[in-house]
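Here the protein sequences come in this chain order: Z and G. Everything in the first sequence is counted per my numbering, starting at 1 for the first residue and increasing by one. Everything in the second sequence is counted per my numbering, starting at 265 for the first residue and increasing by one. So the structure is just underneath, and the comments pick up after that.
There are 2 protein chains.
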Amino acid sequence: MFIIGERINGMFKDVAEAIKKKDKSVIQELAKKQISCGASALDVNVGPSSDDPKEAMGWLVKTITEVTDIPLAIDTTKADVMETGLASCKSKPIINSVNANQDKMNTLFGLAKKYNASVIGLTIDKSGIPKDADGRLELAIKIVTSAMEHGISTSDLYIDAVILPVNVAQVHGKEVLRTIRESKMLADPAPKTILGLSNVSQGAPQQNKGLINRTFLAMAIGAGLDAAIMDVSDKELVDAAITAELLMEKQLYCDSFLDAYRKK
Amino acid sequence: MFIIGERINGMFKDVAEAIKKKDKSVIQELAKKQISCGASALDVNVGPSSDDPKEAMGWLVKTITEVTDIPLAIDTTKADVMETGLASCKSKPIINSVNANQDKMNTLFGLAKKYNASVIGLTIDKSGIPKDADGRLELAIKIVTSAMEHGISTSDLYIDAVILPVNVAQVHGKEVLRTIRESKMLADPAPKTILGLSNVSQGAPQQNKGLINRTFLAMAIGAGLDAAIMDVSDKELVDAAITAELLMEKQLYCDSFLDAYRKK
């Protein structure tokens, strides 16, 4: 499982404060903690309240790369903030995200080519998020096509079928699962698939969030999910991911498979 | 989720002893406990050590039907024991199980017709359990065809793709998931799908069994699983089943969805 730690996001108070005060230690501890919990990459988002998001993104990326060379997912909707983040990365970065709007794709696949980045493509366009898998797959096809036109290998593309909160958009769960399954057939090499997992439990009572997240993650891995942006500090969630991948034969069985995965 | 409680099985010492001593209370308590934990039906198996399995099956079924009219899954490989069990049932019984051997199917679908029973069909034949989904689906087709020839509605048929222990047969997990998915396309009305769930964690260390069971159950529900023979006393397992069905939109969301399901 390619796990992208979600925690370095200015949506969280401690991160917003650290950005404001230029407190490196908070960010670097969050980076190290997520890696020790099993993150393969880290999401980096300056959050909604930053006065100078470009400067904040540059600072965040530099701060993180002082303590790790793990890949970073630059998470912003602004092209100039994206480019600042990409330019500051040491390892192959991940663009989080493009959607199926042609102008967006032209800009961001252009940046992907320039910075040799992987790209997360959301199945969203100007009309929003399609209600069913067919609609999502149509958008996924647009994204795959545009990636190929820009000379991006489909193996560097992650299709995100956009899971919505089960408490208000319950119909979407099974549509997302089918989109994950069928996205794999859109190109050769197959595009990878990813989810912004925590969204599925947004708004649910706190005591049920973990259960909803790990149950949907197992279901999605069963449908072929390759990666997730998620709360890697949730041990039960990571256990579920490891076990689901074991059952999909993506890791060899041994009695101590949880430890074995974590030691890798 | 149609949950069949697995606990009334002579493989367990307390059940074997109760059968020997004709101790109704042990059996009746196990029946009531499983129902209170969420069982929709109860598996009934006299176990391997019974001297007179026909007599034991009749006694077990009668003992259970004194305290509940929940459906019973008569679990035996012997046709005469099966018929004794079926004849003693008050509610529509379930035959557990037939396989894809023609003589077996003739006998057991005959009994199903006679006793108006549902049937669990294992994707096994004289050559054993196929290694992949295609092999399993071939056997599922034979079972569906034979059911139809015997006048059994495919909505009364449960295809069991036979999950094997992950510690020795890791390759089978994803094949079983695909079999579940594609079994639904074999007839109209679609046959139901079922798993003997505990088998997946057989032989794994005790502390990992629950995690393996509930993770695979969530994955299987994501693939369309309708029913499972399982340890209904495992609360985390039942929570996973409820949550996975919620995410498949098989139960309407409410904040207290776990309680709501259990109160049904």
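By construction, the Cβ of each residue, glycine as well, lies at the ideal position given by its N, Cα and C atoms.
Best match in the options for proximity to residue i [C-alpha to C-alpha]
{"i": "residue 236 of chain Z", "options": "G:491, G:399 and G:479", "result": "G:479"}
{"i": "residue 267 of chain Z", "options": "Z:35, Z:24 and Z:43", "result": "The question about residue 267 of chain Z has no answer here: the residues shown for chain Z are numbered 1 through 264."}
{"i": "residue 315 of chain G", "options": "G:453, G:462, G:271 and G:284", "result": "G:284"}
{"i": "residue 288 of chain G", "options": "G:324, G:496, G:457 and G:313", "result": "G:324"}
{"i": "residue 414 of chain G", "options": "G:312, G:299, G:381 and G:354", "result": "G:381"}
{"i": "residue 393 of chain G", "options": "G:378, G:364 and G:416", "result": "G:364"}
{"i": "residue 53 of chain Z", "options": "Z:70, Z:84 and Z:73", "result": "Z:84"}
{"i": "residue 434 of chain G", "options": "Z:217, Z:249, Z:205 and Z:193", "result": "Z:249"}
{"i": "residue 418 of chain G", "options": "G:428, G:436, G:395 and G:447", "result": "G:447"}
{"i": "residue 411 of chain G", "options": "G:377, G:436, G:395 and G:439", "result": "G:377"}
{"i": "residue 432 of chain G", "options": "G:458, G:389 and G:469", "result": "G:469"}
{"i": "residue 261 of chain Z", "options": "Z:13, Z:209, Z:37 and Z:26", "result": "Z:37"}
{"i": "residue 4 of chain Z", "options": "Z:111, Z:45 and Z:22", "result": "Z:45"}
{"i": "residue 125 of chain Z", "options": "Z:111, Z:13, Z:145 and Z:104", "result": "Z:104"}
{"i": "residue 88 of chain Z", "options": "Z:79, Z:57, Z:111 and Z:77", "result": "Z:57"}
{"i": "residue 210 of chain Z", "options": "Z:172, Z:195, Z:233 and Z:194", "result": "Z:233"}
{"i": "residue 143 of chain Z", "options": "Z:195, Z:194, Z:164 and Z:102", "result": "Z:102"}
{"i": "residue 267 of chain Z", "options": "G:286, G:520 and G:266", "result": "The structure shown does not extend to residue 267 of chain Z, since chain Z is modelled only from 1 to 264, so the question has no answer here."}
{"i": "residue 439 of chain G", "options": "G:266, G:286, G:456 and G:395", "result": "G:395"}
{"i": "residue 518 of chain G", "options": "Z:35, Z:212, Z:14 and Z:264", "result": "Z:212"}
{"i": "residue 436 of chain G", "options": "Z:13, Z:245 and Z:1", "result": "Z:245"}
{"i": "residue 13 of chain Z", "options": "Z:263, Z:27 and Z:193", "result": "Z:27"}
{"i": "residue 2 of chain Z", "options": "Z:164, Z:22 and Z:192", "result": "Z:192"}
Rounded distance between the beta-carbons of residue j and residue i, thought under 8 Å
{"i": "residue 81 of chain Z", "j": "residue 511 of chain G", "result": "Not really, about 34 Å apart at Cβ, beyond 8 Å."}
{"i": "residue 311 of chain G", "j": "residue 273 of chain G", "result": "6 Å"}
{"i": "residue 231 of chain Z", "j": "residue 6 of chain Z", "result": "6 Å"}
{"i": "residue 333 of chain G", "j": "residue 355 of chain G", "result": "5 Å"}
{"i": "residue 197 of chain Z", "j": "residue 228 of chain Z", "result": "5 Å"}
{"i": "residue 313 of chain G", "j": "residue 280 of chain G", "result": "6 Å"}
{"i": "residue 72 of chain Z", "j": "residue 41 of chain Z", "result": "7 Å"}
{"i": "residue 109 of chain Z", "j": "residue 152 of chain Z", "result": "6 Å"}
{"i": "residue 111 of chain Z", "j": "residue 86 of chain Z", "result": "6 Å"}
{"i": "residue 482 of chain G", "j": "residue 218 of chain Z", "result": "4 Å"}
Cutoff 8 Å: residue i Cβ touching any chain A Cβ
{"i": "residue 255 of chain Z", "result": "Looking for chain A here will not work: the only protein chains present are Z and G."}
Is there contact here, the segment 320 to 334 of chain G with the segment 290 to 304 of chain G, by at least three beta-carbon pairs under 8 Å? With the cut-off at 8 Å, the segment 320 to 334 of chain G and the segment 290 to 304 of chain G touch.
**Asked** Taking the runs of the alpha helix (DSSP H) that are 4 residues or longer, which of them lie wholly in the segment 460 to 513 of chain G?
**Response** Here the runs fully enclosed are 470 to 486 and 499 to 511.
Query raised in the report: Of all the residues that make up the segment 150 to 172 of chain Z, which are near chain G by a beta-carbon distance shorter than 7 Å?
Result: Answer in chain order: 166, 167, 170 and 171.
Touching or not, the segment 458 to 476 of chain G and the segment 503 to 512 of chain G, by the rule of three or more beta carbon pairs under 8 Å? Remark: fewer than three beta-carbon pairs, one from each stretch, lie closer than 8 Å, so the segment 458 to 476 of chain G and the segment 503 to 512 of chain G are not flagged as touching.
Can you check the segment 376 to 457 of chain G for any beta strand (DSSP E) of at least 3 residues that lies completely inside it and give the ranges in chain order? DSSP runs (the beta strand (DSSP E)) wholly in the segment 376 to 457 of chain G: 382 to 386 and 421 to 424.
If you pair each beta-carbon of the segment 88 to 97 of chain Z with each one of the segment 129 to 145 of chain Z, do three or more pairs fall below 8 Å?
-> Three or more beta-carbon pairs separated by less than 8 Å are not found between the segment 88 to 97 of chain Z and the segment 129 to 145 of chain Z, which leaves the two stretches without contact.
Problem set entry | Against chain Z: residues of the segment 482 to 493 of chain G by CB proximity under 8 Å | For the segment 482 to 493 of chain G, the beta-carbon criterion of a distance under 8 Å to any beta-carbon of chain Z is satisfied by 482, 483, 484, 485, 486 and 487.
Using 8 Å as the Cβ pair cut-off and three pairs as the minimum, do the segment 184 to 195 of chain Z and the segment 442 to 459 of chain G touch? Contact check between the segment 184 to 195 of chain Z and the segment 442 to 459 of chain G: fewer than three CB pairs, one atom from each, fall below 8 Å, which does not count as touching.
- [ ] Determine, using beta-carbon pairs with one atom in the segment 119 to 132 of chain Z and one in the segment 154 to 174 of chain Z, whether at least three such pairs fall under 8 Å.
- [x] Judged by Cβ distances under 8 Å, the segment 119 to 132 of chain Z makes contact with the segment 154 to 174 of chain Z, as three or more pairs qualify.
*Touching by the beta-carbon criterion (3+ pairs, under 8 Å), the segment 428 to 445 of chain G and the segment 483 to 496 of chain G*: In short, these stretches touch, since the Cβ pair count reaches three.
Problem - Contact residues within the segment 500 to 515 of chain G, judged by C-beta distance below 8 Å to chain Z - result: Within the segment 500 to 515 of chain G, the residues whose Cβ lies closer than 8 Å to some Cβ of chain Z are 503, 504, 507, 508, 510, 511, 512 and 513, listed in chain order.
| message | Could you tell me which whole alpha helix (DSSP H) segments of length 4 or greater appear in the segment 270 to 325 of chain G? | response | Counting whole runs of 4 or more residues, the segment 270 to 325 of chain G contains the alpha helix (DSSP H) stretches 277 to 285 and 288 to 301.
If contact means a Cβ-Cβ distance below 9 Å, which residues of the segment 269 to 285 of chain G contact chain Z? Answer in chain order: no residues at all.
Near-chain G residues of the segment 188 to 199 of chain Z (beta-carbon distance less than 9 Å), N- to C-terminal order: Residues: none.
- What residues in the segment 204 to 218 of chain Z have a beta carbon less than 9 Å from any beta carbon of chain G? Of all residues in the segment 204 to 218 of chain Z, the ones placed with a Cβ closer than 9 Å to any Cβ belonging to chain G are 204, 205, 208, 211, 212, 214, 215, 216, 217 and 218, in chain order.
Notebook entry, point to check: Name the residues in the segment 76 to 100 of chain Z whose C-beta lies less than 8 Å from a C-beta of chain G; which are they?
Noted result: Sequence-ordered contacts of the segment 76 to 100 of chain Z with chain G are nonexistent [C-beta pairs closer than 8 Å].
query = Using Cβ-Cβ distances below 7 Å, what residues of the segment 437 to 448 of chain G are close to chain Z?
reply = When C-beta distances to chain Z are compared with 7 Å, the residues of the segment 437 to 448 of chain G below that value are 437, 438 and 441, in chain order.
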